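A.B. asks: Mapping of the sequence shown onto UniProt numbering: residues 1 to 493, in sequence order.
Note that the Cβ used here is the ideal one computed from N, Cα and C, for glycine as well.
A quick note: this is a predicted structure, and the numbers were derived from the prediction, not measured.
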Amino acid sequence: MLDVWCPEAPVNRVCVSEKENRSVSATTVTTAARLRPISGAEPTEPRPLGHSAYHRVSARLRPIIGAEPTEPRPLGHSAYHRVSARLRPISGAEPAEPRPLATAPTGASRRGSAPLDDVRRRTCAALRRQDSATDPRGQLSVSATGRGAGSCGRSGGLHVLLWGGVPCVAPGAVNLKGRHFLTLRDFSAEEIKHVLRVSADLKKRIKHEGQFLPLLQGKSAAMIFEKRSTRTRMSTETGVSLLGGHACFLTPQDIHLGVNESTGDTARVLSGFADAVLARVHSHSTLEELASGASVPVINGLSDRYHPVQILADLLTLQEHYGSLEGLTLTWIGDGTNILHSLMMSLAKMGMNLRVATPKGYEADSGVLQEARRLSQQFGTALVLTSDPMEAAQGANVLVTDTWVSMGQEKEKAQRLRDFQGYQVTMQTGSVAAPDWVFLHCLPRKPEEVSDELFYSSRSLVFPESENRKWTIMGLMVSLLTDYSPQTPQLKI
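Take a look at the structure:
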């Protein structure tokens, strides 16, 4: 398969089946369902690219490549050169003549293909020279599907493809396939935005347009829950099912994680059964052990240190409400929990300011706070720390709180309720916020954390936020398990 990325097109990827060791002129279009929405064709047997399917696809691509084919022709014709000219400033490649996709010699292994290895080395070297401008994290990816496929590092906001054997780069194209999702600290701004775009795209196509998208058909997800949950379990089970996959729920009583079998061995076993592992655990170290042993993506459904899937839902909710995230100010009032930690690892990357009010002794982890300060400086956003809720709420667009007594802290409840007096979020708290302020809570909530008046008011987005747990876990699963690219225009995030 040859992936052609067209960043400016409504449909930004077309996949064409290519026969082994043949030039592109021998290409035929197969009865692939992926082409059907583009071409409108329903072929009963493989047929030449020059058939009606070819012309329908060409019509969609014509505004991009400027080609007006009158008959089937190989990629080496003017269409090739026009596309090549568009990509040349990015890839630095100057092909002397059209050439087929780099393939491995007969009998050669994919990883040992000398021509492809040379292409990867030259491409990566060229891109690293300009990574400060296009890929500040220095993470590059060279990939192609089909014979001779290979990769060079993991994608970090830059995706490199091979067009006719020539390295081509599509700026902003992100591929997260195969990655673990333990903390937002590991993901760049563009990678987080990509997951949000995929989530919004799926929500639009499935919920609002009624489309059926079996993107996870034939795939399964193992769900390990050391802690009970409503939203995490339901969002994962319904989301995976809606995409044609299957989720299997496992409790500590089912698998005795780390007791009768080591966590690493459990991860290796589950990797043979499932395509992804989502774990909701007591200790973040358990997730790290799972990720170390697993050969499939491991997703943090919650740990004592981070709760990244909740933040994805929060960001999508705010994006839907305000139309953009950049420049918003979010105020956190309450305990220095795992959710605050995840906000600290992500908001600055989105161009958002963070103001935090916590009682003395309940501040965020010092290591997380140090990284939050670094990110704030890097992205030019504000980070304010105080113990006064009203000071923190000044000018805020978003007020957020969380439980005062987390699972496992029940013995501390009486002391915590005393220490958090004055930290309830109310309409009065919002009186000093921005005129368009809204309220978020990950749920479940207690009346002492937020007043009923505010919780059930039009200022509260808690129930859309809760629903978006499903769409963002779907977007995350699709991003980690497939090569799906959003089919609707990119969100302004």
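Please classify His441 as buried or exposed, where buried requires at least 16 neighbouring CB atoms within 10 angstroms.
C.D. replies: For this step, residue 441 is matched to residue 441 along the sequence shown. Its Cβ being crowded by 16 or more others within 10 Å, His441 is buried.
A.B. asks: Rounded to whole angstroms, what is the Cα-Cα separation between Pro297 and Leu287?
C.D. replies: Position 297 of the sequence shown holds residue 297. Position 287 of the sequence shown holds residue 287. Each residue's Cα considered, the two are about 11 Å apart.
A.B. asks: Should Thr337 be labelled buried (16 or more other beta-carbon atoms within 10 Å of its own) or exposed?
C.D. replies: Numbered from 1 along the sequence shown, position 337 holds the residue referred to as residue 337. Under this definition Thr337 is a buried residue.
A.B. asks: When the Cα atoms are used, what is the spatial distance from Gln394 to Arg228?
C.D. replies: For the purposes of this step, residue 394 is taken as the residue at position 394 of the sequence shown. For the purposes of this step, residue 228 is taken as the residue at position 228 of the sequence shown. Whole-angstrom Cα-Cα distance: 36 Å.
A.B. asks: For the alpha helix (DSSP H) that contains Ile206, what are its first and last residues?
C.D. replies: The count along the sequence shown starts at 1 and reaches residue 206 at position 206. Premise fails: Ile206 is in no alpha helix (DSSP H) and is neither H nor E.
A.B. asks: Let's test the definition: count the other Cβ atoms within 10 Å of the Cβ of Leu302 and tell me whether it reaches 16, buried, or not, exposed.
C.D. replies: Along the sequence shown, one-based indexing puts residue 302 at 302. By the neighbour-count rule (16 or more Cβ atoms within 10 Å), Leu302 is buried.
A.B. asks: Please state whether DSSP places Arg418 in a helix, a strand or coil.
C.D. replies: Sequence index remark: in the sequence shown, residue 418 carries index 418 (1-based). Helix, per DSSP.
A.B. asks: Contact defined as beta carbons within less than 8 Å: I believe Glu289 pairs with Thr263. What is the distance between those atoms, to the nearest angstrom?
C.D. replies: Residue 289 sits at position 289 when you count from the first residue of the sequence shown. Residue 263 sits at position 263 when you count from the first residue of the sequence shown. At roughly 4 Å, the Cβ-Cβ gap stays under 8 Å, so Glu289 and Thr263 are in contact.
A.B. asks: What would DSSP say about Thr401, mapped onto helix, strand or coil?
C.D. replies: Here residue 401 refers to the residue found at position 401 when the sequence shown is read from its first residue. Reduced to three states, the DSSP call for Thr401 is strand.
A.B. asks: Along the beta strand (DSSP E) that carries Gly301, what are the first and last residues, could you check?
C.D. replies: As a working mapping, residue 301 is identified with position 301 in the sequence shown. Taken as a continuous stretch (DSSP letters only), the beta strand (DSSP E) holding Gly301 covers Val298 to Leu302.
A.B. asks: Determine the burial state of Val259: buried for a count of at least 16 other Cβ atoms within 10 Å of its Cβ, exposed for fewer.
C.D. replies: Here the question's residue 259 lines up with position 259 in the sequence shown. So Val259 ends up on the exposed side.
A.B. asks: Shortest alpha-carbon distance to Ser451 belongs to which of Tyr484, Phe187, Ile339 and Leu399?
C.D. replies: The residue you call residue 451 lines up with position 451 of the sequence shown. Measuring from the Cα of Ser451, the nearest candidate turns out to be Leu399.
A.B. asks: Would you call the region 307-315 and the region 471-489 in contact, with 3 or more CB pairs under 8 Å?
C.D. replies: As far as the Cβ criterion goes, the region 307-315 touches the region 471-489, which means the pair count is three or higher.
A.B. asks: Which partner residues does Phe249 have in the DSSP bridge list?
C.D. replies: Walking along the sequence shown from the start, residue 249 turns up at place 249. BP columns for Phe249 point to Met223.
A.B. asks: Taking 8 Å as the cut-off, does the region 339-346 touch the region 364-379 (at least 3 CB pairs, one atom from each stretch)?
C.D. replies: Yes: at least three Cβ pairs fall under 8 Å.
A.B. asks: Using a 10 Å radius around the Cβ and a threshold of 16 neighbouring Cβ atoms, would you call Ala414 buried or exposed?
C.D. replies: On the sequence shown, residue 414 is found 414 positions in, with the first residue counted as 1. Counting Cβ neighbours within 10 Å, Ala414 comes out exposed, since fewer than 16 surround it.
A.B. asks: Shortest alpha-carbon distance to Ser324 belongs to which of Ala173, Met390, Asn397 and Phe439?
C.D. replies: Mapped onto the sequence shown, residue 324 falls at position 324. Here the closest residue by C-alpha is Asn397.
A.B. asks: Straight-line CA distance for Tyr322 to Gly272?
C.D. replies: In the sequence shown, the residue the question calls residue 322 occupies position 322. In the sequence shown, the residue the question calls residue 272 occupies position 272. Their Cα atoms are separated by approximately 43 Å.
A.B. asks: How long is the line joining the alpha carbons of Glu467 and Leu318, rounded to whole angstroms?
C.D. replies: As a position in the sequence shown, residue 467 is number 467, starting the count at 1. As a position in the sequence shown, residue 318 is number 318, starting the count at 1. Near 13 Å, if we compare the C-alpha coordinates of Leu318 and Glu467.
A.B. asks: Check whether the region 231-246 touches the region 179-194, taking contact to mean three or more Cβ pairs, one atom from each stretch, closer than 8 Å.
C.D. replies: In short, these stretches do not touch, since the Cβ pair count stays below three.
A.B. asks: Starting from the N-terminal side, write out each stretch of the beta strand (DSSP E) that is 3 residues or longer and does not extend beyond the region 353-396.
C.D. replies: The qualifying runs are 353-357 and 383-386.
A.B. asks: Who are the near neighbours of Asp275 in its chain, counting only those whose CB is closer than 7 Å to its CB and skipping five residues on each side?
C.D. replies: To locate residue 275, count along the sequence shown from 1; it is residue 275. Result list for Asp275: Lys219, Ser220, Ala221, Val296 and Leu481, in chain order.
A.B. asks: Taking only three categories from DSSP, how would you classify Ala434?
C.D. replies: Walking along the sequence shown from the start, residue 434 turns up at place 434. If DSSP states are grouped into helix, strand and coil, Ala434 belongs with coil.
A.B. asks: Would a C-beta distance cut-off of 8 Å place Leu278 and Met223 closer than the cut-off?
C.D. replies: Here residue 278 corresponds to residue number 278 of the sequence shown, with the count starting at 1. Here residue 223 corresponds to residue number 223 of the sequence shown, with the count starting at 1. Closer than 8 Å, so yes.
A.B. asks: So, using beta-carbon positions, are Pro486 and Val198 closer together than 8 Å?
C.D. replies: Within the sequence shown, numbered from 1, the residue matching residue 486 stands at position 486. Within the sequence shown, numbered from 1, the residue matching residue 198 stands at position 198. Contact flag set, yes.
A.B. asks: Which runs of the beta strand (DSSP E) spanning at least 3 residues fall entirely within the region 301-341, listed in chain order?
C.D. replies: You should have 329-333.
A.B. asks: Under DSSP, the alpha helix (DSSP H) around Ala173 begins and ends at which residues?
C.D. replies: Along the sequence shown, read from residue 1 onward, the residue named residue 173 stands at position 173. No alpha helix (DSSP H) holds Ala173; DSSP gives it neither H nor E.
A.B. asks: Going by DSSP, what residues sit across from His441 in a beta bridge?
C.D. replies: Here residue 441 refers to the residue found at position 441 when the sequence shown is read from its first residue. Bridge partners of His441: Thr401.
A.B. asks: Among all the DSSP beta bridges, which residues are the ones paired with Ser460?
C.D. replies: Mapped onto the sequence shown, residue 460 falls at position 460. Phe439, per the DSSP bridge assignment.
A.B. asks: Report the rounded CA-to-CA distance for Val281 versus Thr488, giving the unit in angstroms.
C.D. replies: Residue 281 sits at position 281 when you count from the first residue of the sequence shown. Residue 488 sits at position 488 when you count from the first residue of the sequence shown. Roughly 35 Å separates the two Cα atoms.
A.B. asks: Please report how far the alpha carbon of Met477 lies from the alpha carbon of Leu330, in whole angstroms.
C.D. replies: Indexing the sequence shown from 1 puts residue 477 at position 477. Indexing the sequence shown from 1 puts residue 330 at position 330. Each residue's Cα considered, the two are about 27 Å apart.
A.B. asks: For Thr145 and Leu215, I'd like the C-alpha separation in whole angstroms.
C.D. replies: Within the sequence shown, residue 145 is the residue found at index 145, counting from 1. Within the sequence shown, residue 215 is the residue found at index 215, counting from 1. Reliability fails at Thr145, whose pLDDT of 36 lies under 50, so the model's placement of it is uncertain and the value that follows must be treated cautiously. If you take the alpha carbons of Thr145 and Leu215, they lie about 18 Å apart.
A.B. asks: Between the C-alpha atoms of Pro252 and Ala364, what's the straight-line distance to the nearest angstrom?
C.D. replies: For the purposes of this step, residue 252 is taken as residue 252 along the sequence shown, with counting starting at 1. For the purposes of this step, residue 364 is taken as residue 364 along the sequence shown, with counting starting at 1. Approximately 29 Å, taken between the alpha carbons.
A.B. asks: Span of the beta strand (DSSP E) holding Arg280?
C.D. replies: Stepping through the sequence shown from its first residue, residue 280 is reached at position 280. Counting along the chain, the beta strand (DSSP E) containing Arg280 begins and ends at Ala276 to Arg280.
A.B. asks: Have a look at Asp254, Met234, Leu257 and His256 and flag the residue whose alpha-carbon is nearest the alpha-carbon of His246.
C.D. replies: As a first step, residue 246 must be located in the sequence shown, where it is residue number 246. Measuring from the Cα of His246, the nearest candidate turns out to be Met234.
A.B. asks: In three-state DSSP terms, what is Leu257?
C.D. replies: As a first step, residue 257 must be located in the sequence shown, where it is residue number 257. Three-state DSSP puts Leu257 in a strand.
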